[in-house]
Amino acid sequence: MFGCYCLYCDNQAVGWIYDSVMSLREVGLDYLPDDIKRPGKDDKIQELVIPLDYVKADWLPKAVQDTADIRKAQA
10 MFGCYCLYCD NQAVGWIYDS VMSLREVGLD YLPDDIKRPG KDDKIQELVI PLDYVKADWL
70 PKAVQDTADI RKAQA
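When we follow our numbering, the leftmost residue of the sequence shown carries the number 10, and every step to the right adds one.
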């Protein structure tokens with residue numbers, strides 16, 4: 010994706026930030042708010058769109074760290 014910033018945590022690419030949206034790779038986190046739409050299993054892009062309204066949400070730092078940990082374990 011061009012014109013955006015790649016989001017890394019512990020040397021793992023975990024998502025993107027573009028304009029007023031953050032996307033986080035889908036790794037099956039079960040504690041995210043219900044209004045975060047999950048991709049379908051057959052979708053080519055397996056990312057969660059997280060509005061920047063959630064930038065101060067208590068769960069967001071944990072979600073970023075958990076995504077990095079899961080991606081690292083899958084490597």
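The beta carbon of each residue, even a glycine, is placed where N, CA and C say it ideally should be. Because the structure is a prediction, the values reported are computed rather than measured.
Asked, Found
"Residue range of the beta strand (DSSP E) that includes V23", "Q21 to Y27"
"Assigned secondary structure, P48 (DSSP; H/G/I helix, E/B strand, else coil)", "coil"
"For E56: DSSP bridge partner residues", "R34"
"Outcome for I59 when other beta-carbon atoms lying within 10 angstroms are tallied against a minimum of 16", "buried"
"Of the residues C15, G12, D19 and C13, the one placed nearest A82, counting alpha carbons only", "D19"
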